[in-house]
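Enquirer: Per numbering that gives the first Met the number 0, numbering of the sequence shown is gapless, rising by one per residue and ending at 225. Don't be surprised by glycine CBs; every beta carbon is placed ideally from N, CA and C. The structure under discussion is supplied below as structure tokens; questions concerning it will follow.
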Amino acid sequence: MDKFQFMGNATILHLNTRKEGPEDAQELAVDLKLKATADVMITRYFDEQLATFVFLSNGAVRNKVMGPITFAHELESYRLDMVGSTFTGVRVKKFALEPKDGFKVGVTFAVSFKPSGDEVARVAEFLQDEIDLCLTPSDSELDFGDGGAAHSHVNTYDGADDELLPAARELVASHRSASISLVQRHLRIGYNRAARLLEALEARGDVSATDAAGNRMVLITAEATA
0 MDKFQFMGNA TILHLNTRKE GPEDAQELAV DLKLKATADV MITRYFDEQL ATFVFLSNGA
60 VRNKVMGPIT FAHELESYRL DMVGSTFTGV RVKKFALEPK DGFKVGVTFA VSFKPSGDEV
120 ARVAEFLQDE IDLCLTPSDS ELDFGDGGAA HSHVNTYDGA DDELLPAARE LVASHRSASI
180 SLVQRHLRIG YNRAARLLEA LEARGDVSAT DAAGNRMVLI TAEATA
């Protein structure tokens with residue numbers, strides 16, 4: 000895994016708004032501090048040997064008194080999908096990893112981006128709440144488990160013909176949610192493929208079109224997929 004990414008639930012710990020840029024052309028910017036729990040595999044983005052250093056073979060933390068491990072990585076050009084909005088040109092920094100028993104890792108990091116005024120208000124509503132988010136490099140399809148073949152035809156891919164469509168249909172029905180990040184996380188696929196699967200489900204009448212906030216309603220029941 001060459002680039003950091005995160006898909007799952009995270010809590011917004013802190014929100015800060017500021018202006019950046021030349022004095023005569025300043026733009027609104029937001030800094031968020033996020034905290035989540037991830038699988039041990041996330042340590043590979045920082046050091047291939049880190050998991051061996053902090054965990055015993057049974058998944059227990061090797062050194063119980065060790066504090067969070069901080070990293071100075073500053074990443075540019077990320078895409079952030081959360082609370083019904085998509086933000087691009089996102090900067091990611093201030094990483095801290097806290098090993099937990101069971102091969103789990105507490106991850107704290109900060110993201111900075113330029114939203115609209117309405118988007119700031121929407122994000123602020125979720126302060127101190129757990130949200131579903133997807134943070135990926137803007138220049139990568141990030142289709143996991145598909146190998147290079149997935150990248151060779153991303154421009155011609157049709158979600159209606161995707162072999163994962165039945166699984167996506169069952170997933171949204173059982174979770175009563177139709178978010179791109181949900182489909183990505185559970186099916187281990189890239190953002191574009193997940194979006195096209197939802198478009199295919201919309202065409203079938205299984206989910207609604209996106210509303211003004213970017214959300215979809217699930218129209219199919221779990222029983223209908225059985």
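Which partner residues of residue 98 appear in the DSSP bridge assignment?
Expert: Numbered from its first residue, the sequence shown carries residue 98 at position 99. For residue 98, which the question treats as bridged, DSSP gives the partners 104.
Enquirer: In the DSSP assignment, the alpha helix (DSSP H) including residue 51 goes from what residue to what residue?
Expert: Here the question's residue 51 lines up with position 52 in the sequence shown. From DSSP, the alpha helix (DSSP H) with residue 51 extends over 49-53.
Enquirer: Whole angstroms is fine: what's the gap from residue 64's alpha carbon to residue 53's?
Expert: Taking the sequence shown and counting its residues from 1, the one referred to as residue 64 is at position 65. Taking the sequence shown and counting its residues from 1, the one referred to as residue 53 is at position 54. Cα-Cα distance, rounded: 11 Å.
Enquirer: Does the Cβ-Cβ distance between residue 34 and residue 107 come in under 7 Å?
Expert: The sequence position of residue 34 within the sequence shown is 35, counting from 1. The sequence position of residue 107 within the sequence shown is 108, counting from 1. Yes, the pair counts as a contact, with Cβ atoms nearer than the cut-off.
Enquirer: Suppose you measure from the CA of residue 201 to the CA of residue 56; what does that come to, to the nearest Å?
Expert: Position 202 of the sequence shown, counted from the start, is the residue given in the question as residue 201. Position 57 of the sequence shown, counted from the start, is the residue given in the question as residue 56. One C-alpha to the other measures close to 45 Å.
Enquirer: So, is the C-beta of residue 75 closer than 7 Å to a C-beta in chain D?
Expert: Judged by its chain identifiers, the structure shown contains no chain D, having just a single protein chain.
Enquirer: Would DSSP call residue 6 helix, strand or coil?
Expert: Translated into positions along the sequence shown, residue 6 becomes position 7. Note: residue 6 maps to strand in three-state DSSP.
Enquirer: What does the alpha-carbon distance come out to for the pair residue 219 and residue 176?
Expert: Position 220 of the sequence shown, counted from the first residue, corresponds to residue 219. Position 177 of the sequence shown, counted from the first residue, corresponds to residue 176. If I take the Cα positions, the gap works out to 11 Å.
Enquirer: State the Cα-Cα distance for the pair residue 103 and residue 38, rounded to the nearest angstrom.
Expert: Looking up residue 103 in the sequence shown gives position 104. Looking up residue 38 in the sequence shown gives position 39. Residue 103 and residue 38: Cα-Cα distance of roughly 5 Å.
Enquirer: Excluding the 5 residues flanking residue 132 on each side, which residues of the same chain have their C-beta closer than 6 Å to its C-beta?
Expert: Within the sequence shown, the letter at position 133 stands for residue 132. Counting only Cβ-Cβ distances below 6 Å, and skipping sequence neighbours, we find 9, 81.
Enquirer: What did DSSP end up calling residue 155 once you bin it into helix, strand or coil?
Expert: Residue numbering aside, residue 155 sits at position 156 when the sequence shown is read from its first letter. With a pLDDT of 38 at residue 155, under the threshold of 50, the modelled position of this residue cannot be trusted, and the question is left open.
Enquirer: Starting from the C-beta of residue 169, find all residues in its chain whose C-beta is less than 7 Å away, skip the five residues before and the five after it, and write them out in chain order.
Expert: Residue numbering aside, residue 169 sits at position 170 when the sequence shown is read from its first letter. Result list for residue 169: 224, in chain order.
Enquirer: Would you check if the distance between the CB atom of residue 78 and the CB atom of residue 111 is smaller than 7 Å?
Expert: Counting from 1 along the sequence shown, the entry for residue 78 is found at position 79. Counting from 1 along the sequence shown, the entry for residue 111 is found at position 112. No, the pair does not count as a contact, with Cβ atoms beyond the cut-off.
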